[in-house]
Amino acid sequence: MSVVIVDYEAGNLRSVESAFSWLQEPFLVTAEPEEILRADRLVLPGVGEARAAMTVLEARGLIPAIREFISRGNPFLGICLGSQIILEESDEGDAPCLGLLEGRAVAFDPRRGLKIPHMGWNTITPRGSHPFLGDLSRESSFYFVHSFFPSPRDPGDVLAWCDYGDAFAAVVGRENIVATQFHPEKSGEAGLRLLRNFLQWKP
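Going by this note's numbering, the sequence shown opens with residue 913, and the numbers climb by one from there.
Given below as structure tokens:
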């Protein structure tokens, strides 16, 4: 099984590498479109700004490869920024994004008096069953650090919610796509369990 992690200069590569190493799962970190197209499973991590990330993806010729990979039905995991740029656009810099799911990444409302970014541990509530979430305990906590979050147009694309002043989408997905706003690779055993589920998932 070939797991490929996309390198587009967007943050948390080392922590994602460490998590898959801990799981003893072979992986390849690459910025080459040809390697993406050879993958069995694809991971799009990321911390940073949407427009800058899309600029790098475009400059490296990775956007057509990611879209082609998705069209083949193989499992795809987006993490943090990777959960936002799979949508059509982001409020962060009014950036056009990958358009793998309909919707946009939106910002927390500063008028709510919340501390932004949302940083630290929080629980999530699954909307229903999904192989990626498995038998996730409702007490499981995950590590977040973000000012924007995915807002899919179709509510059915929300797989789990998190509450930070208001409910927001913590996990989104459809068909062979799943994406987490939190960092499973920084979320201890609960996060590693989700990564194991991803490795076993057959959409």
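Backbone N, C-alpha and C define an ideal beta-carbon position, used for all residues, glycine too.
How should residue i be labelled, buried or exposed, when 16 other C-beta atoms within 10 angstroms of its C-beta is the threshold for buried?
| i | result |
| --- | --- |
| Met-1031 | exposed |
| Arg-1024 | exposed |
| Ala-1079 | exposed |
| Pro-1062 | buried |
| Glu-1097 | buried |
| Thr-1037 | exposed |
| Gln-936 | exposed |
| Gly-1085 | buried |
| Ser-1099 | buried |
| Pro-987 | buried |
| Glu-1001 | buried |
| Leu-1107 | buried |
| Leu-1026 | exposed |
Starting from residue i, follow its DSSP beta bridges and name the residues at the other end.
| i | result |
| --- | --- |
| Met-966 | The partner list for Met-966 (beta bridge, DSSP) is empty, contrary to what the question assumes. |
| Phe-893 | An answer regarding residue 893 cannot be provided, because it is not within the stretch 913 to 1115 covered by the chain. |
| Pro-1038 | Ala-1072 |
| Pro-1008 | Glu-1001 |
| Asp-1078 | Tyr-1076 |
| Tyr-1055 | Trp-1033, His-1095 |
| Leu-989 | Val-955, Val-1090 |
| Val-916 | Leu-940, Leu-954 |
Check the C-beta distance from residue i over to residue j and give it rounded, since I have them as a contact under 8 Å.
| i | j | result |
| --- | --- | --- |
| Val-928 | Ile-991 | 7 Å |
| Leu-1010 | Ile-998 | 5 Å |
| Gly-958 | Gly-994 | 5 Å |
| Ala-1007 | Ala-1081 | That pair is no contact at about 18 Å. |
| His-1058 | Asn-924 | The Cβ separation is near 12 Å, so there is no contact. |
| Tyr-1055 | Trp-1073 | Contact flag wrong, Cβ pair sits at about 17 Å. |
Going along the chain, which residues of its own chain have a beta-carbon closer than 7 Å to the beta-carbon of residue i, five neighbours each way excluded?
| i | result |
| --- | --- |
| Val-1018 | Asp-1003, Phe-1060, Phe-1061, Ser-1063 |
| Glu-980 | Leu-949 |
| Gly-1005 | Glu-961, Ala-962, Arg-963 |
Can you find the residues in the same chain that come closer than 6 Å, C-beta to C-beta, to residue i, ignoring five residues on each side of it along the sequence?
| i | result |
| --- | --- |
| Leu-954 | Val-916, Phe-981, Phe-988 |
Next item on the list: Would you check if the segment 962-974 and the segment 943-952 touch, i.e. whether three or more CB-CB distances between them fall below 8 Å?
Entry: yes
Checklist line | the segment 1059-1073 contacting the segment 1106-1114, beta-carbon criterion three pairs below 8 Å | finding: no
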